[in-house]
Amino acid sequence: MKGVAFGQYYAAESPIHRLDPRAKVIMAILYIVCTFLCKNLAGFIALVASALLLTLFSKIPLRLILRSLRPILVIIIFTSIINVFMTRGEVLLTPESWKIKIYAEGLWNALFMILRISILIIGTGIFLTYTTTPIALTDALEYLLSPLKVFKAPVHDFAMMMTIALRFIPTLTEETEKIMNAQKARGADFTTGSLIKRAKALIPILIPLFVSAFNRAFDLASAMECRCYHGGKGRTRLNVLHYRAVDFVAMMLVVAFGVGLFFLNRYGFGYTLS
Amino acid sequence: MNKIELEHVSYVYGPGTPFEKKALDDVTLGIRAGCITGVIGHTGSGKSTMMQLLNGLSAPTDGRVLLDGYDINGTPEQLFDQLRDLPEFRGLSRRALKKAVKAEIIKRRRALCFRVGLVMQYPEYQLFEESVSRDIAFGPQNMGLDEEEIKARVLEAAKFTGISPELLEKSPFDLSGGQKRRVALAGVIAMRPEVLVLDEPAAGLDPQGRDFIFEGISRYQKETGTTVLIVSHSMEDMARYCDDMIVMANGRLLMQGGCKEVFARISELSKVGLDIPQITQLIALLRERGLEIPADIYTVEDAVAAVRRALEGRKEERA
Ligand SMILES: Nc1ncnc2c1ncn2[C@@H]1O[C@H](COP(=O)(O)OP(=O)(O)O)[C@@H](O)[C@H]1O
Ligand SMILES: [Mg+2]
Chain B
12 MKGVAFGQYY
22 AAESPIHRLD
32 PRAKVIMAIL
42 YIVCTFLCKN
52 LAGFIALVAS
62 ALLLTLFSKI
72 PLRLILRSLR
82 PILVIIIFTS
92 IINVFMTRGE
102 VLLTPESWKI
112 KIYAEGLWNA
122 LFMILRISIL
132 IIGTGIFLTY
142 TTTPIALTDA
152 LEYLLSPLKV
162 FKAPVHDFAM
172 MMTIALRFIP
182 TLTEETEKIM
192 NAQKARGADF
202 TTGSLIKRAK
212 ALIPILIPLF
222 VSAFNRAFDL
232 ASAMECRCYH
242 GGKGRTRLNV
252 LHYRAVDFVA
262 MMLVVAFGVG
272 LFFLNRYGFG
282 YTLS
Chain H
74 MNKIELEHVS
84 YVYGPGTPFE
94 KKALDDVTLG
104 IRAGCITGVI
114 GHTGSGKSTM
124 MQLLNGLSAP
134 TDGRVLLDGY
144 DINGTPEQLF
154 DQLRDLPEFR
164 GLSRRALKKA
174 VKAEIIKRRR
184 ALCFRVGLVM
194 QYPEYQLFEE
204 SVSRDIAFGP
214 QNMGLDEEEI
224 KARVLEAAKF
234 TGISPELLEK
244 SPFDLSGGQK
254 RRVALAGVIA
264 MRPEVLVLDE
274 PAAGLDPQGR
284 DFIFEGISRY
294 QKETGTTVLI
304 VSHSMEDMAR
314 YCDDMIVMAN
324 GRLLMQGGCK
334 EVFARISELS
344 KVGLDIPQIT
354 QLIALLRERG
364 LEIPADIYTV
374 EDAVAAVRRA
384 LEGRKEERA
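Each protein sequence line maps, in turn, to chains B and H.
Heads up: the first sequence at position 96 corresponds to 107 in this note's numbering, and the numbers run straight through without jumps.
Heads up: the second sequence at position 8 corresponds to 81 in this note's numbering, and the numbers run straight through without jumps.
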């Protein structure tokens with residue numbers, strides 16, 4: 012598909028979109044820590060409220076955010092079932108005579124687990140995938156991991172590989188579609204027949220796809236060499252990332268939120284996770 | 074008699090996404106059987122989109138595409154009603170009938186690709202076999218023809234596209250760009266489609282390669298009487314090889330008719346950024362300077378003849 016950015020990036024003008032990608036990576040990590048800091052009902056109410064606020068700030072439709080939970084729906088359901096049936100507690104909800112025993116603690120645990128996993132996914136989504144382009148994200152990772160260069164880790168090469176791979180995913184998708192259509196126009200049939208027949212039917216797609224991918228790789232390598240590319244050493248950037256005051260403020264807010272959660276654990280109310 | 078008809082056809086890419094794009098907007102047109110029809114229009118005017126609707130690769134968002142008067146994207150419900158009354162399907166349970174309809178739809182989709190042969194834009198990338206002849210044979214093989222017939226068709230297609238016998242045994246990846254293009258073209262011609270659709274067959278080729286392709290197509294069309302559609306940017310080629318023309322602009326049909334009729338509406342063409350053939354522009358300049366020649370000249374050959382006639386007429390006047 013033309014013009015469709017790879018991944019889940021949602022193009023919009025929001026304060027979160029404008030933050031420095033490095034700050035967003037750090038905030039995402041801090042936010043994940045926050046979800047694990049939550050221990051009682053008060054904490055989880057605050058957590059849900061923070062997720063809603065983030066959604067509001069990021070200008071991403073709620074529908075889209077909820078959709079990001081679909082891939083992990085199975086995990087959510089599975090863990091909550093285990094929690095409901097396996098937790099032993101004090102308040103029995105089912106009649107004494109039943110074999111299956113469900114405790115109130117189990118329901119609470121399940122609820123908290125659902126909230127924790129969902130908000131973990133939603134939070135990383137809002138900070139990273141939805142509001143940061145994949146390219147900006149690799150840039151940020153390169154910056155953040157650059158201390159590892161001391162240990163001779165090929166951080167730049169890795170980031171360059173990521174960038175190129177990300178750049179070519181939409182191109183290759185488009186190309187696959189084109190090749191498939193061209194072979195379909197010659198009567199290729201990918202949908203009927205035995206498994207072996209279907210696997211064989213992929214040959215007319217895979218060979219042209221590989222040929223063109225290799226050609227692209229050679230072209231790109233030549234083009235990079237022609238521009239005297241020789242790795243990261245001494246290389247300057249076209250788009251230099253700059254932290255602004257607002258980035259620090261945003262990071263501090265997340266830290267403050269974490270501290271707040273810590274106190275809620277102590278002085279909050281409601282059922283508390285053991 | 075129109076071979077293909079489009080009735081109020083619209084096509085939308087990515088409906089319901091932020092990237093929604095209406096590529097075709099209420100296009101209604103007819104394509105005459107046994108003619109070469111040229112399709113011109115600016116980049117992004119929806120030409121390729123339209124071509125891909127003709128063999129059922131994609132279905133229009135709105136409207137109908139008719140081949141020989143039949144809707145090529147008939148809905149399962151319509152097919153269901155048709156099949157129910159056929160003798161071989163009578164007495165089947167509803168579920169069995171549904172299954173049969175599904176199979177029938179797939180069968181018809183594929184059959185449609187053989188009836189309407191589509192050569193996509195830059196078709197070189199579709200080559201995959203180890204030899205040129207086997208690649209050309211891919212289409213006919215999919216049709217389920219026998220060896221003899223396939224061989225005959227490969228040779229015939231190679232002849233029309235000017236692929237020499239020694240090339241047939243080479244790997245398609247060792248060929249030049251122009252040769253690859255011709256192999257891809259031969260791969261579709263070998264299916265002997267009733268309609269041959271070519272999306273910018275000469276794009277990116279040198280002038281010699283262009284002429285070679287167009288001459289081949291023209292010869293093929295004359296000998297077989299196939300209905301041919303050619304998408305092209307080049308007005309010169311259109312004027313030379315096409316009987317009819319379709320002009321697209323921004324996903325809409327701007328003009329349709331014989332070549333001469335369309336070129337006669339020069340001012341409208343230039344308004345959408347299309348150039349009339351250079352030779353026609355030259356003729357217009359010559360007329361301004363007082364040479365008495367007709368304005369409706371679109372090929373160099375015609376121009377040479379007309380100018381010669383005009384000059385001889387002057388000589389006689391002087392004598
Ligand atoms: N796969 C696609 N996804 C989204 N938009 C597309 C796609 N293909 C074409 N378009 C858009 O549809 C319009 C018509 O494209 P196309 O039919 O390729 O034009 P033409 O062949 O006349 O140059 C263009 O604006 C193009 O950007
Ligand atoms: Mg096109």
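All C-beta atoms, glycine included, are put in the ideal place defined by N, C-alpha and C.
What you are looking at is a predicted structure, and each value in this text was computed from that prediction instead of being measured.
> Hey, Q294(H) and V301(H) are a contact pair by Cβ (cut 8 Å); roughly how many whole angstroms apart?
Replying inline: Going by Cβ atoms, the distance from Q294(H) to V301(H) rounds to 5 Å, so yes, they are a contact pair.
> Which first and last residues belong to the alpha helix (DSSP H) in which E188(B) is found?
Replying inline: Unbroken alpha helix (DSSP H) run through E188(B): V166 to A196.
>> I'd like to check one pair, I146(B) with T174(B): are the Cβ atoms closer than 7 Å?
In response: Going by C-beta atoms, T174(B) is nearer than 7 Å to I146(B).
>> Tell me which residues share the same chain as A34(B) and place their Cβ nearer than 8 Å to its Cβ, disregarding the 5 neighbours each side in the sequence.
In response: Once the five neighbours on either side are set aside, the close Cβ partners of A34(B) are Y254, D258, F259, A261 and M262.
> How close, in whole Å, do the beta carbons of Q199(H) and A132(H) come, if the pair is a contact with beta carbons under 8 Å?
Replying inline: With a beta-carbon spacing of about 22 Å, Q199(H) and A132(H) fall beyond the 8 Å limit used to define contacts.
> What's the gap between the Cα of H306(H) and the Cα of R74(B)?
Replying inline: Rounded to whole angstroms, H306(H) to R74(B) spans 44 Å at the Cα level.
> When burial is assigned at 16 or more other CB atoms within 10 Å of the CB, is W119(B) buried or exposed?
Replying inline: By the 10 Å Cβ count, W119(B) comes out buried.
> Since T122(H) contacts A96(H) with CB under 8 Å, what's their CB separation in whole angstroms?
Replying inline: The pair is a contact, with the Cβ atoms about 4 Å apart (cut-off 8 Å).
>> Restricting to runs no shorter than 3 residues, where is the beta strand (DSSP E) found entirely within the region 143-197 of chain H?
In response: Listed in chain order, the complete beta strand (DSSP E) runs (minimum 3 residues) inside the region 143-197 of chain H are 189-192.
> Is there contact between the region 278-296 of chain H and the region 219-236 of chain H, where contact requires at least three CB pairs shorter than 8 Å?
Replying inline: Touching, yes, given that three or more Cβ pairs across the two stretches are closer than 8 Å.
> Is there a Cβ from chain H that is less than 7 Å from the Cβ of A16(B)?
Replying inline: Confidence at A16(B) is low in this model, with a pLDDT of 42, below 50, so the placement of that residue should be treated as unreliable; the coordinate-derived value is given next. A16(B) does not count as touching chain H.
> Can you name the residues of chain B whose CB is closer than 9 Å to the CB of L327(H)?
Replying inline: Contacts between L327(H) and chain B, judged by CB atoms closer than 9 Å, are missing: the closest CB pair is about 23 Å apart.
>> In chain order, what are the residue ranges of uninterrupted alpha helix (DSSP H) at least 4 long that sit wholly in the region 191-260 of chain B?
In response: You should have 206-212 and 214-237.
> What residues in the region 116-133 of chain H have a beta carbon less than 8 Å from any beta carbon of chain B?
Replying inline: For the region 116-133 of chain H, which is checked against every Cβ of chain B, the residues closer than 8 Å are Q125, N128 and L130.
> Going by C-alpha distance, which of A322(H), L359(H), Q354(H) and A368(H) is nearest V100(H)?
Replying inline: Residue nearest to V100(H) within the set A322(H), L359(H), Q354(H) and A368(H) is A322(H) (criterion: CA-CA distance).
> Is it buried or exposed for N51(B), if we count other Cβ within 10 angstroms and need 16 for buried?
Replying inline: When all chains shown are included, N51(B) counts as buried.
>> So the candidates are I40(B), P26(B) and T184(B); which of them puts its Cα closest to the Cα of L65(B)?
In response: Taking only the C-alpha atoms, the option nearest L65(B) is P26(B).
> Measuring from the CB of S121(H), is there a heavy atom of ligand 1 at a distance below 6 Å?
Replying inline: S121(H) Cβ: within cutoff of ligand 1.
> How close, in whole Å, do the beta carbons of P149(H) and I178(H) come, if the pair is a contact with beta carbons under 8 Å?
Replying inline: Yes, P149(H) and I178(H) are in contact; Cβ-Cβ is about 6 Å, under 8 Å.
> Hey, out of F47(B), V36(B), K70(B) and D31(B), whose CA is closest to S285(B)'s CA?
Replying inline: Of all alpha-carbon atoms in F47(B), V36(B), K70(B) and D31(B), the one lying nearest the alpha-carbon of S285(B) is that of F47(B).
> For the alpha helix (DSSP H) that contains R74(B), what are its first and last residues?
Replying inline: It spans L73 to R78 - the alpha helix (DSSP H) in which R74(B) sits, taken as one unbroken run.
> Sorted by chain position, which residues of the same chain lie with C-beta nearer than 7 Å to G324(H)'s C-beta, five sequence neighbours on each side aside?
Replying inline: In its chain, beyond the 5 residues on either side, K95, A96, L97, D98, S118 and G119 have a beta carbon closer than 7 Å to the beta carbon of G324(H).
>> DSSP has K94(H) in a bridge; who is on the other side?
In response: Per the DSSP secondary-structure output, K94(H) pairs in a beta bridge with Y86(H).
> With 16 other CB atoms within 10 Å as the buried threshold, where does L264(B) fall?
Replying inline: The residue in question, L264(B), is exposed, as its Cβ has fewer than 16 Cβ neighbours within 10 Å.
> Taking DSSP as the reference, what is the three-state secondary structure of Y4(B)?
Replying inline: Not covered by the structure: residue 4(B). The range shown for chain B is 12 to 285.
>> Starting from V301(H), trace the alpha helix (DSSP H) in both directions and tell me its first and last residue.
In response: Here V301(H) belongs to no alpha helix (DSSP H); instead the beta strand (DSSP E) covers T300 to V304.
>> According to DSSP, simplified to helix, strand and coil, what is G14(B)?
In response: With a pLDDT of 38 at G14(B), under the threshold of 50, the modelled position of that residue is not reliable, and the figure given next carries that caveat. Reduced to three states, the DSSP call for G14(B) is coil.
>> Just checking Q125(H) against ligand 2 - is the residue's beta carbon closer than 6 Å to any of the ligand's heavy atoms?
In response: The nearest non-hydrogen atom of ligand 2 is 6 Å or more from the C-beta of Q125(H).
> So, are the CB atoms of L126(H) and L102(H) less than 7 Å apart?
Replying inline: In this structure, L102(H) does not lie closer than 7 Å to L126(H) by Cβ.
>> Tell me which residue opens and which closes the beta strand (DSSP E) that M124(H) is part of.
In response: Where M124(H) is concerned, there is no enclosing beta strand (DSSP E), although the alpha helix (DSSP H) around it starts and stops at K120 to L127.
>> Below 6 Å, is the gap between the Cβ of K95(H) and the nearest heavy atom of ligand 1?
In response: The closest heavy atom of ligand 1 lies 6 Å or more from the beta carbon of K95(H).
> Taking C-beta to C-beta, are T372(H) and A275(H) nearer than 7 Å?
Replying inline: Cβ atoms of T372(H) and A275(H): not closer than 7 Å.
> Out of L122(B), S129(B) and M38(B), which has the shortest C-alpha to C-alpha gap to R81(B)?
Replying inline: It is S129(B) whose Cα lies nearest to the Cα of R81(B).
>> Three Cβ pairs or more, each shorter than 8 Å: is that satisfied between the region 261-274 of chain H and the region 184-199 of chain H?
In response: Enough Cβ pairs lie closer than 8 Å, so yes.
> Closer than 7 Å, CB to CB, is C332(H) near chain B or not?
Replying inline: The beta carbon of C332(H) sits no closer than 7 Å to any beta carbon of chain B.
>> Using a Cβ-based criterion (distance less than 6 Å to any ligand heavy atom), does Y198(H) qualify as near ligand 1?
In response: No, Cβ of Y198(H) sits at least 6 Å from all heavy atoms of ligand 1.
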